[in-house]
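Here the protein sequences come in this chain order: A and B.
Here the first sequence stands for residues 0 to 342, where the numbers follow numbering that gives the first Met the number 0.
Here the second sequence stands for residues 0 to 399, where the numbers follow numbering that gives the first Met the number 0.
Ideal Cβ placement from N, Cα and C applies to all residues, glycine included.
Because the structure is a prediction, the values reported are computed rather than measured.
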Amino acid sequence: MSGKNVLLSVQGLTVNFFSAKGIVRAVQDVSFSIAKGRMLAIVGESGCGKTATALSIMRLIPADQGKVLAGRVLFQGLDLLSLSEPQMRHIRGNEVAIIFQEAAASLNPVQTVGRQIAECIQTHKNKNPDEAWAEAVELLTRVGIAEAEQRARQYPHELSGGMQQRVMIAMAISCGPKLLIADEPTTGLDTTVQSEILDLLDGLRAQYAMSVLLITHDVSIVAERADEVAVMYASRIVEFADSQRLTTKPLHPYTQGLIQSQPRLGMSARRLYTIPGSVADPIDFPAGCKFHPRCRIGCSDNRCRTTEPILREVKPGRFVACWYALEKDKPTRAINIGIKHGG
Amino acid sequence: MKRLVEQGSDWGISFGQIVWRRFVKSWLNVVCLVFIAILLLVAVLAPFLANDKPYVIRIAGRLHFPLFAGLQRGDYCVFLAGFVGFWQLIQLSRNSRRLEPFVRGDALWRQLSINSTIILFGCALVFVSIRPSLDGKDYKALVASGKASDAIFTPVPYGYTQTDIRSCHQPPNREHWLGTDDVGADVLCRLIHGSRISLSVGFVAVGISSIIGVVVGAFLGYFGGKVDFFGMRLVEMVMAIPMFFLIITMLAFFPRNLFGIMIIIGVTSWTGNARLVRAEFLKLRKQDFVQAALSLGLPLRNVLFRHILPNGITPVLVNATFGISGAIFIEAALSFLGFGAGPATPSWGQMLSSGVSTTGRFLWWLTLFPGLAIFLTVLAYNMLGQGLRDALDPRLEKRV
């Protein structure tokens, strides 16, 4: 979180969606920043506001579905939320690119993949179609597609899922963006393909010196690759730390639960841990700490049930939104349960 | 420039090719297509098939070419349009064989714009440079009187404005294969020249209505919300106007000519297209690939017309074929009621009306043949639309 090297800084982002059932408070007062060339991961269950955050950075939330109520998205000191639509079009694809979770649906079914990449290059780099095509083929080779010249002439449905995601990545990096947002890039892929794609992203990050915002629900993939991790629960960031410390010694009960529910090598054959209950309903959040109904400490603690904790720096570089984040804070009876399963 | 690659089989089959293969699997579709192709050919070559002037004639020892000399401005324009259209078809089939799929779309746009520019400028040039021909000689009389020889006439040796009171109301015979009408003009000749009018009304009217419909529908569907709400009320207002009576009213105020009819049919019949396109866009704008296209910073124009429209163009294509038959039908009906382009213009609908003419006699050949021409053309376009709809529907693939 150092000052000068910051590429993207999101400050107090608050987003609401409008649904038939009521107002969905998708993102509430979310702040984080990414330094140049670093990878930040946002982790959380489905519906906790990860994708909404990504879409608001890109200003892609349809006006009839949702609205950014407050906050700033500073990209190289420029507030993206205040830009005009033509200015924003120049940023999208060119400076900030995004990869969506379902590559199959994100590719235009009636255009060859090469043409789709070439179109992006043509738009932002003012190249003629032949040059753009050559560059598209080059990009396909770079993202690890063999026989790129042939593949470029194929339609999305003729490619496998992993290859489709590689095409999406090629398209995203085609104009050399400074920030790449990867919204669950490996969902629906085989485990081996998953790690290939993530390795590719990691390699490209180094090669292009770009920053990556990785959005995922899978804590296990975060540990090795991301520099920093933000854990989101019910529209808020509940914990923020570097990935090493976060995965080895999580402070928030929710993060602890997430990590415990991952199968590990050499684990004894007992039932895998699950966090009780289900994700809080964003239309009707519980009062106080939103995690308290599922929390081992919070379910019986009066403070948790009435007052929502804010994100505070408990140790240098460690932020957590929990009343009992540090051991000394914790009520005695909770310590026994809380620490027993911890990392 | 665009690599002419030999390994054609390595390219994916484009959607157009899939549809084409499915389309030609049914013999009925092929028959309709062939019928329409013949009709187009007849329309373009009408002066060479039915003309009162011979191709060649020897008068006083010198060879003359009255048919070629007597071609009018309109004829040149039609030839130009026909030739360029044919060239476009050749280019289309060459594109799919020689060009990589990714450049086909661009190539097609480029060809279409070049070709339509050629047609526009060519027609303008024709109107500036070519004078109307005023050759009123009766070549048949010249041959009969022995002043001319070696004449080669067209298969139907009558002009469409040539009248002969002595031979009016003749039923089909050896001279006039499909008979003559109440001013003695040859029915077959007028049928042949009438095909030009019917087809051009169909194409121009549908062209206008498709363009308006697609643009309006695309914006309403894509933006949705208030734009859609007020836009659709506007569309409904236009739909509520009885089109046929609007056209008749307009024709009562403005000088009656064919282009007026085409434009009026075009600007009143776009509502169906707009609704179809709007529905497609409403559905497609929520798709991930649209969001992905937006996230790449592509201009709205490209997102709308390059990414969304090709995914939702099929109903417009099908509607266009039905629209052509509809426009032909409306033009025939207007002409039948006497609101057409004037008695000298050989329109099928107008010929039909002369079958129940002043004398009170029912002249069956004047009703049957133009009626049959209208019926078959409309039928062919409708069948074509049906075939196209089936070919475009992926759910029917398994059955074919």
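Query: Between the beta-carbon of B:L111 and the beta-carbon of B:Q87, is there less than 9 Å?; Result: yes
Query: Provide the residue span of the alpha helix (DSSP H) that contains B:A340, from first to last.; Result: Where B:A340 is concerned, there is no enclosing alpha helix (DSSP H), given that its DSSP letter is neither H nor E.
Query: Does any residue of chain B have a CB that is nearer than 9 Å to the CB of A:F16?; Result: no
Query: Which runs of the alpha helix (DSSP H) fall wholly inside the segment 258-325 of chain A and span at least 4 residues, in chain order?; Result: 301-305
Query: Is the CB of A:E101 under 9 Å away from at least one CB in chain B?; Result: yes
Query: Short of 6 Å in beta carbon distance, which residues of its chain neighbour A:Q100, apart from the five on each side in sequence? Order them along the chain.; Result: D182, E183 and T186
Query: Would you tell me roughly how many angstroms separate the C-alpha atoms of B:G311 and A:Q110, rounded to the nearest one?; Result: 13 Å
Query: Compare the Cα-Cα distances from B:G104 to each of B:T116, B:D180, B:N114 and B:L91 and report the closest residue.; Result: B:L91
Query: According to DSSP, simplified to helix, strand and coil, what is B:R173?; Result: coil
Query: Would you kindly work out how many angstroms separate the C-alpha atoms of A:I180 and B:R277, rounded to a whole number?; Result: 32 Å
Query: By DSSP, does A:Y232 sit in helix, in strand, or in coil?; Result: strand
Query: Got a sec, what are the start and stop residues for the beta strand (DSSP E) A:H123 sits in?; Result: Segment V112 to K124 is the alpha helix (DSSP H) holding A:H123; no beta strand (DSSP E) there.
Query: How many angstroms separate the CA atom of A:P128 from the CA atom of B:R109?; Result: 13 Å
Query: Measure the C-alpha to C-alpha separation of B:N172 and B:Y157 and round it to an integer number of angstroms.; Result: 14 Å
Query: List the residues of chain A whose Cβ lies closer than 7 Å to the Cβ of B:P309, in chain order.; Result: V109
Query: Is the beta carbon of A:L6 within less than 8 Å of some heavy atom of the ligand FMN?; Result: No copy of the ligand FMN occurs in the structure displayed, which carries no ligand at all.
Query: To the nearest angstrom, how far is it from the Cα of B:G259 to the Cα of B:F47?; Result: 27 Å
Query: Can you tell me which of A:I116, A:A34, A:G297 and A:A240 puts its alpha carbon nearest to the alpha carbon of A:G76?; Result: A:A34
Query: Where does the unbroken alpha helix (DSSP H) through B:D227 begin, and where does it stop?; Result: G224 to A239
Query: Go ahead and pull the three-state DSSP assignment for A:A240.; Result: strand
Query: A:D241 touches chain B at which residues, Cβ-Cβ below 7 Å?; Result: Those do not exist, as A:D241 stays about 29 Å from chain B at its closest Cβ, beyond 7 Å.
Query: Taking the alpha-carbon of B:V29 as reference, which of B:D392, B:D389 and B:L383 has the nearest alpha-carbon?; Result: B:L383
Query: Step through the CB atoms of chain A and report whether any lies within less than 9 Å of the CB of B:P298.; Result: yes
Query: In angstroms, rounded to a whole number, what distance separates the CA positions of A:T140 and A:N4?; Result: 31 Å
Query: Anything in chain A within Cβ reach of B:H306, meaning under 7 Å, just list it in chain order.; Result: N107
Query: Would the beta-carbon of A:F31 fall within 9 Å of that of A:G65?; Result: no
Query: Tell me whether the beta-carbon of A:I360 lies closer than 9 Å to the beta-carbon of A:Q164.; Result: Residue 360 of chain A is absent from the model: chain A starts at 0 and stops at 342.
Query: Would A:I41 pass as a contact of A:V211 if the rule is Cβ separation under 9 Å?; Result: no
Query: Less than 9 Å between CB atoms is the rule here; does A:C119 satisfy it with respect to chain B?; Result: yes
Query: Within its chain, find whatever has a CB closer than 7 Å to the CB of B:A42; leave out the 5 residues flanking it on each side and keep chain order.; Result: S194, R195 and L198
Query: Looking at C-alpha atoms only, which residue of A:D78, A:C298 and A:T273 is the closest neighbour of A:P285?; Result: A:C298
Query: Rounding to the nearest angstrom, what Cα-Cα distance links B:F82 and B:V226 in this structure?; Result: 42 Å
Query: Looking at the secondary structure, which residues open and close the beta strand (DSSP E) in which A:S173 lies?; Result: Looking at the DSSP string, A:S173 is not in any beta strand (DSSP E), and its letter there is neither H nor E.
Query: Apart from the five residues on each side of it in sequence, which residues of its chain come closer than 8 Å, Cβ to Cβ, to A:A262?; Result: According to the sequence displayed, residue 262 of chain A carries Pro and not Ala. Contacts found: L271.
Query: Just the Cα atoms here: how many angstroms apart are A:A333 and A:G316?; Result: Only weak support exists for where A:A333 lies, its pLDDT of 43 falling under 50; the coordinates are left without a value.
Query: Mind checking which residues open and close the beta strand (DSSP E) that includes B:R57?; Result: V55 to I58
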